[in-house]
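Visitor: Once you've had a glance at the structure underneath, I'll fire off some questions.
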Ligand code: PXP
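In structure tokens:
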């Protein structure tokens, strides 16, 4: 069965816009689990622009919740993550000026460092995943450095689907990478920019075992939750 990982970073983005406590990412994590999310993803960014250390600590300490903590290769972040002890980590590239994670890891350049980070987490029985572009070379490198899983960056594919452009070439790249990774014993995940339509198309790739989706889920939740909240306020002010 394919699993859905729900990324709740943008609950924290909304909370941080006020610098107060609402909406609480911890509550969002519990609610997502209750509604069927197989895991919760949070990204402890170096600039802490959404989830902060306390959120990560609280969310990772919820019993029976599978938390996938996204981290960069920054030494301080790795140290924190080892202390926080999530069930899973996903190593991602981070660039100070990016709006979101814009591409996969440069595995060729950072092979030694990432291999070391993977071994630190594996020693603590934490599942390791690498966020990579759909590239055969990166699949082979992921195997060399002992990653348990890879998460294929689906940003380009998702953008093509959203803009109604031809996506077959990008789809085939993802498919071929998934087939090879699976053959090599690496579990395949997919994420970035996914919405209902792009996720449905990727379902055709049997090897993808997990989808990690954030921005679209939170965006849709605002739209579809708005009606309920307005109804409740109308009831309150009617007295
Ligand atoms: N997977 C990884 C590794 C990511 O870094 C992100 C974005 O932070 C996502 C999935 C989710 O992407 P989106 O918010 O576009 O669904």
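Numbering (the numbering used here), first residue to last: 1046 to 1284. Glycine included, C-beta positions come from ideal geometry on N, C-alpha and C. Computed from a prediction, not measured in an experiment: that's the story for all the values here.
Where does the unbroken beta strand (DSSP E) through residue 1254 begin, and where does it stop?
Guide: For this step, residue 1254 is matched to residue 209 along the chain shown. Per DSSP, residue 1254 belongs to the beta strand (DSSP E) from 1253 to 1258.
Visitor: Check each candidate in 1174, 1268, 1169 and 1095 and name the one with the smallest Cα separation from residue 1188.
Guide: Indexing the chain shown from 1 puts residue 1188 at position 143. Per the Cα distances, 1174.
Visitor: Can residue 1054 be considered in contact with the ligand PXP, in the sense that its beta carbon sits closer than 7 Å to one or more heavy atoms?
Guide: The sequence position of residue 1054 within the chain shown is 9, counting from 1. Correct: residue 1054 has its Cβ closer than 7 Å to the ligand PXP.
Visitor: Taking C-alpha atoms, which residue in 1207, 1220 and 1235 lies nearest to residue 1051?
Guide: Against the chain shown, residue 1051 aligns to sequence position 6. Selected option, being the one with the closest Cα: 1235.
Visitor: What is the DSSP secondary structure of residue 1055, counted as helix, strand or coil?
Guide: One-based indexing of the chain shown puts residue 1055 at position 10. Looking at residue 1055 - three-state DSSP - the assignment turns out to be helix.
Visitor: Please determine whether the Cβ atom of residue 1135 lies at a distance below 7 Å from any heavy atom of the ligand PXP.
Guide: As a position in the chain shown, residue 1135 is number 90, starting the count at 1. Residue 1135 Cβ: within cutoff of the ligand PXP.
Visitor: Measuring alpha carbon to alpha carbon, tell me which of 1075, 1140, 1107 and 1067 ends up nearest residue 1092.
Guide: Translated into positions along the chain shown, residue 1092 becomes position 47. Looking at the Cα atoms, 1140 is the closest of the given residues.
Visitor: Are there 16 or more other CB atoms within 10 angstroms of the CB of residue 1213, so buried, or fewer, so exposed?
Guide: In the chain shown, the residue the question calls residue 1213 occupies position 168. Burial call: exposed.
Visitor: Going by DSSP, name the residue or residues bridged to residue 1115.
Guide: Here residue 1115 corresponds to residue number 70 of the chain shown, with the count starting at 1. Residue 1115 is bridged to 1088 and 1135.
Visitor: Who does residue 1194 pair with in a DSSP beta bridge?
Guide: As a working mapping, residue 1194 is identified with position 149 in the chain shown. Answer is 1174 and 1232, bridged to residue 1194.
Visitor: Using a threshold of 8 Å, state whether the C-beta atoms of residue 1176 and residue 1198 are closer than that.
Guide: Counted from its first residue, the chain shown places residue 1176 at position 131. Counted from its first residue, the chain shown places residue 1198 at position 153. The answer is yes: Cβ separation under 8 Å.
Visitor: Jot down the residue ranges of each uninterrupted beta strand (DSSP E) in the segment 1202 to 1249, minimum 3 residues, whole runs only, in chain order.
Guide: Taking only runs of at least 3 residues, the beta strand (DSSP E) segments lying wholly in the segment 1202 to 1249 are 1232 to 1236.
Visitor: Under a three-way DSSP split, which group does residue 1093 fall into?
Guide: Here residue 1093 refers to the residue found at position 48 when the chain shown is read from its first residue. Three-state DSSP puts residue 1093 in coil, outside helix and strand.
Visitor: Determine contact between the segment 1142 to 1149 and the segment 1098 to 1110, defined as no fewer than three beta-carbon pairs at a distance below 8 Å.
Guide: The segment 1142 to 1149, when compared against the segment 1098 to 1110, does not touch it at the 8 Å Cβ threshold.
Visitor: Near residue 1088, which residues of its chain fall below 6 Å by C-beta distance, leaving aside the five closest residues on each side in sequence?
Guide: If you number the chain shown from 1, residue 1088 lands on position 43. Result list for residue 1088: 1054 and 1115, in chain order.
Visitor: Any idea which residues DSSP pairs residue 1165 with across the strands?
Guide: Taking the first residue of the chain shown as 1, we reach residue 1165 at position 120. Beta-bridge pairing links residue 1165 to no other residue.
Visitor: Kindly indicate which residue of 1129, 1181 and 1070 has the alpha-carbon position closest to the one of residue 1229.
Guide: Against the chain shown, residue 1229 aligns to sequence position 184. Minimum Cα distance to residue 1229 is reached at 1181.
Visitor: Please report the residue range of the alpha helix (DSSP H) in which residue 1180 lies.
Guide: Here residue 1180 corresponds to residue number 135 of the chain shown, with the count starting at 1. Here residue 1180 belongs to no alpha helix (DSSP H), and DSSP marks it neither H nor E.
Visitor: Given residue 1225, which residues of its chain have a CB within under 7 Å of its CB, disregarding the five upstream and five downstream residues?
Guide: On the chain shown, position 180 is the one that residue 1225 refers to. The answer, listed in chain order, is 1181 and 1184.
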